[in-house]
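Each residue of the sequence shown is one higher than the one before, starting from 585 at the first, in the working numbering.
Note that beta-carbon positions come from the ideal geometry of N, C-alpha and C, so glycine has one too.
I have placed the structure first, in the form of structure tokens, so that the comments after it can refer back to it.
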Amino acid sequence: MKRFAQVGLLVLSGLGLLQAALFTDAYLRYVKEGMRPLLIGSGAVLILLGAAEAWSAWRPARPAGHGGRGDGGHGGGHGHDDGPGHGHGYGHGDGHGQGDGHGQGDGHGHDHSGVPRVAWLLFLPALSLLFYAPPALGSFTASREAPKAVAVVEEDGFDPLPATSPLPITLTDFTQRVQQDTGQAIKGRTVRMTGFVTPADGGDGWYLTRILLSCCAADAQSVKVRVYGVEAPAADTWVTVTGTWHAGGTLGTRSAPVALDARGVEKAERPTNGYTDALPLGP
């Protein structure tokens, strides 16, 4: 890869990171919100490295050195007496060597440390950061992995639920209340949750889903609540669902299904940071 291409790759990558993290919210499709300062710093460093590489390549070259392998730099008259009456001297001191300045290389002054042509493909992700934002993770990802394991809440660790009806609640909190709250506070309560639609394989219902990140998109996990009683909207549609717990098993234990009998479904705007399990907005 030529040196100018290396400079271009560094600068493009840096500009792409800065655009995604500094001027838009596109970075939230890759990493958690808390990683933003690191992305901005990384983008700035890449641009500085590209500038330094460009300066190194284009700065004026130093004058060629003297004194190669020649025999210049010393001159001496060598007198020869060719015979009677003939005496003449000649010298080899022309003041410069015969070195060609190329050291012990191949004598052509070229860098033959080749880079595979496939290295040029590195420009594709760099350009994509600038001109193309990949779609956010959605139902395709969620349908191909098991639901996120919800942390176990210690006994007596649940606070009383507010008297608000319908009750805004996250999918994670709903799951914990259904399977771990032995006080069964969720029983009979009308709740509201927001997520995106994931089709269910076989049987009735569909899933209200949230995708959560521990660090970046590579470690994404999903939390799901099965919804019964209403027809499924199109996959990946963000909705707010109102309903009550779908009875089954023993509430407050692992035998209770994490499911909802829906009374209403409304379309909702995708949150700016869709990789969190947040409370629904609005009334």
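In its chain, beyond the 5 residues on either side, N857 have a beta carbon closer than 7 Å to the beta carbon of E617. Three or more pairs of CB atoms, one per stretch, sit closer than 8 Å, so the region 817–824 contacts the region 843–856. DSSP places F780 inside the beta strand (DSSP E), whose first and last residues are V775 to P783.
Across the structure, I631 and V807 are spaced so that their CA atoms are roughly 39 Å apart. In this structure, F742 lies near D765, with their beta-carbon atoms less than 8 Å apart. Shown here, T754 sits in coil according to DSSP, grouped into three states, outside any helix or strand.
For Q763, same chain residues with a beta-carbon under 6 Å away, outside a window of 5 residues either side, are R838 and A840 in chain order. Counting along the chain, Q590 sits inside the alpha helix (DSSP H) bounded by residues R587 to L602. Residue environment analysis places T748 among the exposed positions, since fewer than 16 neighbouring C-beta atoms fall within 10 angstroms of its C-beta. In the DSSP assignment, L796 falls within the unbroken beta strand (DSSP E) covering W790 to L796.
Of the residues assessed, L594 falls on the buried side of the cut-off, its CB having 16 or more other CB atoms within 10 angstroms. If you draw a straight line from the Cα of F707 to the Cα of F588, it is about 13 Å long.
Looking at the DSSP output, Q805 bridges to L796. Look at V814 here: in three-state DSSP terms it is coil, with no helix or strand label. The residue from L792, S712 and T759 with its alpha-carbon nearest to that of A726 is L792.
If you ignore the 5 residues before and after A641, its C-beta comes within less than 6 Å of the C-beta of R587, all in its own chain and listed in chain order.
In the same chain as A720, and ignoring 5 residues on each side of it, the C-beta atoms closer than 7 Å to its own belong to R613 and G858, in chain order. Here T774 has S749, P750, L751, T826, G827, T828 and R847 as same chain residues with Cβ atoms under 8 Å from its own Cβ, once five neighbours each way along the sequence are excluded. DSSP places T748 in no beta strand (DSSP E); its state is neither H nor E. For L835, the closest alpha carbon among the candidates L713, D845 and R761 is that of R761. DSSP places G848 inside the beta strand (DSSP E), whose first and last residues are A843 to K851. Counting C-beta atoms within 10 angstroms of its own C-beta, G767 has fewer than 16 neighbours from the protein chains shown and is therefore classed as exposed. Counting the other Cβ atoms within 10 Å of the Cβ of R643 gives fewer than 16, which makes it exposed.
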